[in-house]
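As structure tokens, the structure follows; a few thoughts come after it.
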Amino acid sequence: LVGATPDDYTELASRVEAELGRLDGVLHCAAEFKGLTPLLHTDPADFARAIHVDLTARWWLTQACLPLLAKSDAGAVVFAVDDPLRTDGAFWGGYGLAQSAQETLVPMLQAELGEHGPRISGLRPGPMRTALRGKAFQPNTDMQARPPGDYAAACVELLSVAGAAQRGRVLELPA
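So in my numbering the end of the sequence shown lands on 909, straight run, no missing numbers.
Right, here's the structure in full:
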């Protein structure tokens, strides 16, 4: 996601269309986070990379895929987002800003697409035991974190027609 351009995503969508004719779903869960750092000391390139991977690239990919998703009977896009109660605070930098922006993007895009377009939703899982989380929390003290696979069923549900009730909303799962 770091080096791809809007044209790269358009080409990807064209290849998917040529091979499959449509696209049923996109799950955005890639993320960029270097670690907790005061904004004053954040490397500008790291800040820009976090905003790009965690927001801009997700949007570019979605934008390129929307026509394909519209060809599906149940096209869906799911944005995995982090907990704003934590990431809106100090030291979260570009990652935190991108998470807040995605919280806004989900209902905004769904409102523009309407009820008959692809479904747009967000998923805010509980704490997950991942390398990204390990950059902000010590694993031996982070007892709430669960394996990422514990949230797979929620991803599948939101991508399926069963997730229709969450259209334009962010589904929050308990820890």
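Built from N, CA and C at the ideal position, the CB exists for glycine as well. Please read all numbers here as calculations on a predicted model, not as lab measurements.
Straight through space, the alpha carbons of Leu789 and Ala747 are spaced by roughly 19 Å. When Cβ pairs closer than 8 Å are counted between the two stretches, the region 865-884 is seen not to touch the region 836-852, the count staying below three. Under the DSSP assignment, Leu757 falls outside any alpha helix (DSSP H); it carries neither an H nor an E label. Comparing alpha-carbon positions, the option among Asp758, Ala791, Glu906, Glu837 lying closest to Asp741 turns out to be Ala791. The shortest C-alpha to C-alpha distance from Gly883 to any of Pro859, Ala899, Asp876, Arg901 is the one to Pro859. Comparing alpha carbon positions, the residue from Val840, Asp817, Gly809 closest to Val895 is Gly809.
Around Ala865, the same chain offers no residue with a beta carbon nearer than 6 Å, after the five sequence neighbours per side are excluded.
Around the beta carbon of Thr838, fewer than 16 other beta carbons lie within 10 angstroms, which makes this residue exposed. In this structure, the beta-carbon distance from Gln844 to Gly902 falls below 7 Å. Residue burial is scored here from C-beta neighbours: Arg783 has at least 16 other C-beta atoms within 10 angstroms and is therefore classed as buried. Taking each of Leu819, Asn874, Trp826, Thr796 in turn and checking the Cα distance to Phe813, the smallest one comes out for Thr796.
The region 788-833 contains, as complete beta strand (DSSP E) runs of 3+ residues, the segments 810-814 (chain order).
Counting along the chain, no beta strand (DSSP E) covers Leu866; the unbroken alpha helix (DSSP H) around it starts and ends at 865-868.
Judged by DSSP in its simplified three-state form, Leu905 adopts strand.
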